[in-house]
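> Chains as they are written, first to last, in the working numbering: chain P, 6 to 408; chain L, 3 to 298.
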């Protein structure tokens with residue numbers, strides 16, 4: 006297995022959080038065409054619904070995807086993400102609505118008529134009776150391109166995925182990671198405007214998957230192609246995507262950048278699907294009008310939680326407060342303030358080296374998880390089982406959810 | 003010990019039911035015919051002692067084989083058999099491929115039923131089914147009656163006792179042997195391969211020739227051998243449906259044994275038939291081996 010310097014670089018062994026940092030350092034950091042009203046989307050789903058008998062796989066979705074985006078459709082199996090992708094490829098026809106690509110209504114075009122769209126299939130679907138070279142050149146041959154040009158384009162695609170010396174092998178003579186590259190090269194060889202990836206890395210083991218994610222990002226940036234990826238792996242979506250659409254039961258729960266999805270989820274579903282989160286039920290008690298909201302927890306012991314307000318809140322409304330485990334400050338001593346504080350008992354401690362997890366049983370009867378970086382040891386007494394602790398968090402790091 | 007018994011079982015079977023009968027037939031083919039029971043001179047007999055056996059072995063010749071090669075009846079019988087079997091195999095393939103393709107593309111829950119329909123004819127004796135074709139094909143049979151009735155023909159077609167009838171018989175009888183391996187290889191083809199071909203710009207009819215057909219070649223090869231090999235030595239079908247014009251080695255062999263009562267020549271014909279068929283059998287084994295090594 007030959008690996009490129011890119012995928013063996015410092016990024017390969019990085020944790021998801023570190024890789025997100027690398028991502029923002031990438032040349033695309035200022036890239037946000039969805040915020041620019043003058044930009045035309047490359048893909049537009051217009052009120053698209055797909056039913057299979059009684060089952061509604063995709064439920065009235067309207068979605069714009071822009072050129073050069075790396076767009077992830079994320080959700081559990083059966084949420085409609087694959088159906089949405091297959092409608093772009095032409096394998097499924099919407100029951101209602103239109104699919105528009107590059108300003109053209111392609112709703113009724115057959116897959117072979119969509120020459121600007123190519124797909125990389127789950128488990129690759131490589132032609133077993135053809136060599137790697139023939140596989141990669143298959144799409145070009147359909148266009149009737151002259152053989153010498155095909156050869157040049159095949160070589161180009163294969164060097165892009167660093168596969169040159171396997172040209173004459175058959176797919177079954179390759180490893181899973183090599184097959185994945187052939188599948189990628191085959192789809193990219195036609196230089197599509199739009200590249201669809203259906204769980205492209207699902208068959209790889211974790212280490213290889215991390216490398217391959219970076220390779221996908223490199224190729225996406227090098228070729229300037231718009232990528233739409235379907236995945237159920239939230240970490241993968243966070244790593245590669247410019248924007249993520251979180252899907253649930255055929256509907257879009259939220260479409261945002263990875264950072265927004267993580268920091269400001271719009272529903273409990275999204276908050277729980279992406280990363281770990283603590284959710285506390287409560288009621289709005291007052292809206293002071295300074296952009297904050299005061300909430301009293303459902304357990305009703307008179308404590309007050311403060312958080313940034315979102316639109317459309319009213320006093321007495323049932324809401325949920327979501328706090329990521331790393332936002333908690335966990336301490337053995339009671340803090341001065343009694344806003345945004347919960348008291349509890351440590352049930353469990355998970356020491357992971359760089360960080361520790363604390364499972365805390367709160368007085369209100371919830372189980373919450375707090376996370377602490379082990380940055381300096383022995384400064385204070387180590388927190389241990391059955392310790393009484395206080396969890397405190399800043400108002401701006403809690404998110405109020407209405408659903 | 004038990005392991006050896008398991009390994010030995012097929013070899014014992016082959017020894018008892020193939021090798022020993024083969025050597026008996028081979029021994030007869032080296033003898034001379036005479037009017038007696040059995041109708042040939044013994045080549046040697048184990049009761050005569052070693053001395054006699056070795057002298058008799060020294061006198062052996064392959065005279066009957068030379069005779070077969072010198073007589074055009076036998077050589078043209080072999081050729082004609084191979085030709086008829088080859089044409090019939092091709093016709094069977096043409097009919098079986100769409101059948102197997104339809105089965106493989108049918109909804110999963112129907113496939114066992116369709117499979118049963120293909121195997122259904124085996125529930126009736128082969129001989130009776132071939133006899134039934136006489137009733138269909140003869141001049142006053144069902145087919146001619148129907149064609150006369152709808153006015154397609156004005157006088158009955160002569161199909162019985164022609165080579166055409168033999169083709170019909172072989173294609174009908176061996177169709178399941180072609181359909182089943184074809185179905186097995188077509189059914190295995192991953193539907194996503196066709197989607198991938200379509201996605202890369204190949205319309206469905208082109209994708210068939212680029213993906214489905216090449217991937218079904220192992221099934222085509224297996225089916226063709228399974229039809230060709232037994233069809234070459236076929237006796238019942240040419241005997242019942244074919245006429246005097248249809249030369250097939252199975253028929254020649256039968257008349258040599260039972261009409262001429264020339265057992266040595268008949269045995270030599272049988273031994274040669276086996277040698278003729280060894281070529282496709284070995285080729286078949288080789289193809290199967292290769293398909294296995296291809297890893298799927």
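The beta-carbon is built from N, C-alpha and C at its ideal position, and this holds for glycine as well.
What whole-angstrom Cβ distance do residue 334 of chain P and residue 397 of chain P have, given they're in contact under 8 Å?
The Cβ separation is near 5 Å, so the contact holds.
> For a contact defined as C-beta to C-beta under 9 Å, what are the partners of residue 63 of chain L on chain P?
Neighbours of residue 63 of chain L on chain P: none; closest Cβ ~52 Å, over 9 Å.
> Pull up the distance between the alpha-carbon of residue 163 of chain P and that of residue 172 of chain L, whole angstroms please.
Whole-angstrom Cα-Cα distance: 51 Å.
> If you measure from the beta carbon of residue 102 of chain L to each beta carbon in chain P, is any gap under 7 Å?
For residue 102 of chain L, the answer is no, since every Cβ of chain P falls outside 7 Å of its Cβ.
> Taking 8 Å as the threshold, find out whether the segment 229 to 249 of chain L comes into contact with the segment 56 to 73 of chain L through three or more Cβ pairs.
They do not touch, by the three-pair rule.
> Within the same chain, show all residues whose beta-carbon is closer than 7 Å to that of residue 258 of chain L, passing over the 5 residues directly before and after it, in chain order.
Hits under 7 Å: 264, 267, 268, 271.
> I'd like to confirm the pairing. Which residues does DSSP put opposite residue 364 of chain P in its beta bridges?
In the DSSP output, where bridge partners are listed per residue, residue 364 of chain P has P/353, P/374.
> Secondary structure at residue 117 of chain L, three-state DSSP: helix, strand or coil?
Helix, per DSSP.
> Is the segment 9 to 22 of chain L close to the segment 315 to 334 of chain P, with three or more CB pairs under 8 Å?
With a cut-off of 8 Å, the segment 315 to 334 of chain P and the segment 9 to 22 of chain L do not count as touching, because too few Cβ pairs lie within range.
> Going by C-alpha distance, which of P/358, P/353, P/360, P/380 is nearest residue 373 of chain P?
Comparing Cα-Cα distances from residue 373 of chain P to each of P/358, P/353, P/360, P/380, the minimum goes to P/353.
> Using 8 Å as the threshold, is the segment 217 to 233 of chain L in touch with the segment 52 to 60 of chain L, meaning 3 or more CB pairs across them?
Flag = no, the segment 217 to 233 of chain L and the segment 52 to 60 of chain L do not touch.
> Helix, strand or coil, according to DSSP, for residue 390 of chain P in the structure here?
Coil, per DSSP.
> Does the beta-carbon distance from residue 400 of chain P to residue 194 of chain L come in below 7 Å?
Contact flag unset, no.
> Got a sec: which bits of the segment 221 to 251 of chain L sit with their beta carbon under 7 Å from any beta carbon on chain P, in order along the chain?
Going along the segment 221 to 251 of chain L in chain order, one finds no residue with a Cβ nearer than 7 Å to chain P.
> Report yes or no: is there a C-beta of chain L within less than 7 Å of the C-beta of residue 154 of chain P?
It does not: the Cβ of residue 154 of chain P has no partner Cβ on chain L nearer than 7 Å.
> Applying a beta-carbon distance threshold of less than 9 Å, which residues of chain L neighbour residue 134 of chain P?
Result: 213, 216, 217, 219, 296.
> Count the other CB atoms, across all protein chains shown, that sit within 10 Å of the CB of residue 108 of chain P; report buried if there are 16 or more and exposed otherwise.
Under this definition residue 108 of chain P is an exposed residue.
> For residue 102 of chain P versus residue 51 of chain P, is the C-beta spacing smaller than 7 Å?
Going by C-beta atoms, residue 102 of chain P is nearer than 7 Å to residue 51 of chain P.
> Return no unless some Cβ of chain L is closer than 7 Å to the Cβ of residue 94 of chain P.
Interface residue, yes.
> Mind checking who residue 312 of chain P pairs with in its DSSP beta bridge?
BP columns for residue 312 of chain P point to P/298.
> Secondary structure at residue 48 of chain P, three-state DSSP: helix, strand or coil?
Strand.
> State yes or no: is the beta carbon of residue 204 of chain L nearer than 7 Å to at least one beta carbon in chain P?
Yes, residue 204 of chain L lies at the interface with chain P (some Cβ there is under 7 Å from its Cβ).
> Work out the CA separation of residue 296 of chain P and residue 288 of chain P for me, nearest whole Å.
Distance between the alpha carbons of residue 288 of chain P and residue 296 of chain P: 17 Å.
> According to a CB-to-CB cut-off of less than 9 Å, which residues of the segment 60 to 72 of chain P neighbour chain L?
The segment 60 to 72 of chain P vs chain L, Cβ under 9 Å: nothing.
> DSSP state of residue 226 of chain P, grouped into three classes?
Helix at residue 226 of chain P.
> Short of 8 Å Cβ to Cβ, which residues in the segment 164 to 194 of chain L face chain P?
The segment 164 to 194 of chain L vs chain P, Cβ under 8 Å: 192, 194.
> Using a beta-carbon distance below 7 Å, is residue 198 of chain L in contact with chain P?
So yes, residue 198 of chain L belongs to the interface.
> Can you list the alpha helix (DSSP H) stretches of 4 or more residues lying completely in the segment 164 to 220 of chain L, in chain order?
165 to 190, 193 to 201, 206 to 209, all fully within the segment 164 to 220 of chain L.
> Going straight from the alpha carbon of residue 49 of chain L to that of residue 43 of chain L, what length do you get?
Whole-angstrom Cα-Cα distance: 15 Å.
> One question on the structure: do residue 272 of chain P and residue 258 of chain P come within less than 7 Å of each other, judged by their Cβ atoms?
Yes, Cβ-Cβ distance for residue 272 of chain P and residue 258 of chain P is below 7 Å.
> Take the Cβ of residue 137 of chain L as the centre, count every other Cβ of all protein chains shown within 10 Å, and call the residue buried at 16 or more, exposed below.
Residue 137 of chain L is exposed by the Cβ-count criterion.
> Would you list, in sequence order, the uninterrupted beta strand (DSSP E) runs of no fewer than 3 residues that lie entirely inside the segment 65 to 95 of chain P?
The qualifying runs are 75 to 79.
> Expressed to the nearest angstrom, what Euclidean distance is found between the alpha-carbon atoms of residue 295 of chain L and residue 247 of chain L?
Answer to the nearest angstrom: the Cα atoms are 44 Å apart.
> Using alpha carbons as the reference points, say which of P/79, P/72, P/225, P/282 lies closest to residue 250 of chain P.
Closest by alpha carbon: P/79.
> Compare the C-beta of residue 73 of chain L against all C-beta atoms of chain P and say whether one is closer than 7 Å.
Judged by the 7 Å Cβ criterion, residue 73 of chain L is not in contact with chain P.
> Can you find a CB in chain P that lies within less than 7 Å of the CB of residue 201 of chain L?
True, the Cβ-Cβ gap to chain P drops below 7 Å.
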